[in-house]
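Colleague:
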Amino acid sequence: MALYNKIYNVFANVRATVFQLQLERHTNLPTSIPDLEELCQGENGRVDFAGKLYEKDGQVCWSFGKHKGELVSETRDYANWVLGSDFPSDTKKHIRRILEAVEA
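Per my numbering, the sequence shown runs over residues 573 to 676.
Right, here's the structure in full:
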């Protein structure tokens with residue numbers, strides 16, 4: 573476990589260093605976390621940590637794949653495919669909640 577933690581810390585340090593260098597090189601980028609998030613996400617709010625889902629007009633939509641821009645609640649087959657595939661548990665949690673609300 574100690575080796576895993578060391579490796580994880582190395583990767584985290586590399587990502588942080590690359591990010592810092594990008595901010596230094598591209599001086600027109602915002603420097604606050606909320607402003608950077610808005611730049612990366614645009615006008616739509618991210619729903620899950622991985623950014624696979626976003627909220628638009630109070631509805632949750634897909635941000636990737638063949639149903640990009642479509643409502644999760646209206647693409648049940650695709651949602652079930654995501655639930656059975658290798659996606660983050662946080663993403664799956666949100667999809668389950670949406671499907672449960674549709675069934676209710």
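Where is the CB? At the ideal position from N, CA and C, for every residue including glycine.
Treat the numbers as computed from the prediction; the structure is a model and nothing was measured.
1. Under DSSP, the beta strand (DSSP E) around L625 begins and ends at which residues?
2. With distances taken between CB atoms, is the gap from K641 to W634 smaller than 8 Å?
3. Let me confirm a value: V582 is counted as buried when at least 16 other C-beta atoms fall within 10 Å, else exposed. Which label applies?
4. Relative to the alpha-carbon of L625, which residue among L608, K664 and G656 has its alpha-carbon at the smallest distance?
5. CB-CB under 7 Å to P602, same chain, minus the five flanking residues each way: which ones, in chain order?
6. When the Cα of D629 is compared with those of K638, H639, E615 and D620, which residue comes out closest?
7. Please work out which residues of its chain come closer than 8 Å, Cβ to Cβ, to I670, disregarding the five sequence neighbours upstream and downstream, and give them in chain order.
8. V632 by DSSP, collapsed to three states: which one?
9. Quick check: what's the CA-CA separation for G637 versus D620?
Modeller: Per the coordinate set shown:
1. L625 to K628
2. In the sequence as displayed, the identity of residue 641 is Gly instead of Lys. A contact, by the Cβ cut-off of 8 Å.
3. exposed
4. K664
5. L608 and L611
6. E615
7. V632, V644, S645 and A651
8. strand
9. 16 Å
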